[in-house]
Amino acid sequence: MDQAATAEIKKEYQKNDRDTGSVEVQVALLSSRIAELTEHLKVHKKDHSSRRGLITMVNKRRKLLSYLTKKDAARYQELIKRLGLRR
4 MDQAATAEIK KEYQKNDRDT GSVEVQVALL SSRIAELTEH LKVHKKDHSS
54 RRGLITMVNK RRKLLSYLTK KDAARYQELI KRLGLRR
């Protein structure tokens, strides 16, 4: 993921112009990296180090979403709807 894509995702999910670390921004960035890595692993099936990184990212996203559920369920519902998670 290049810097332009990262900046675009941050701009879309941030609360204000200096917000880069909120849960929404972190989850959105992780989701885009997970999608890219999933496509990579479809082609390179034996790339086990990347698979380990993917699993780490999925677990981190899961923990962040769990935290957001406890803190603010309304923000959680809005975020998963915007990202298209949890069909």
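Converting from the sequence shown to the numbering used here requires adding 3 to each position, the first position being numbered 1.
Beta carbons are placed, not taken as given, at the ideal position from N, Cα and C, and that holds for glycine.
Note that the structure is a prediction, hence the values are computed from the model and not measured.
With distances taken between CA atoms, Ile-83 lies nearest to Val-26 out of Ala-10, Asp-22, Val-26, Asn-19. Taking every protein chain shown into account, the CB of Ala-31 has 16 or more other CB atoms within 10 angstroms, so this residue is buried. Taking Arg-54 as the centre and dropping the five residues before and after it, the same chain places the C-beta of Leu-44 closer than 8 Å to its C-beta, in chain order. With the rule of 3 Cβ pairs closer than 8 Å, the stretch 37-51 does not count as touching the stretch 65-81. In the structure shown, Lys-63 falls within a helical segment according to DSSP collapsed to helix, strand and coil.
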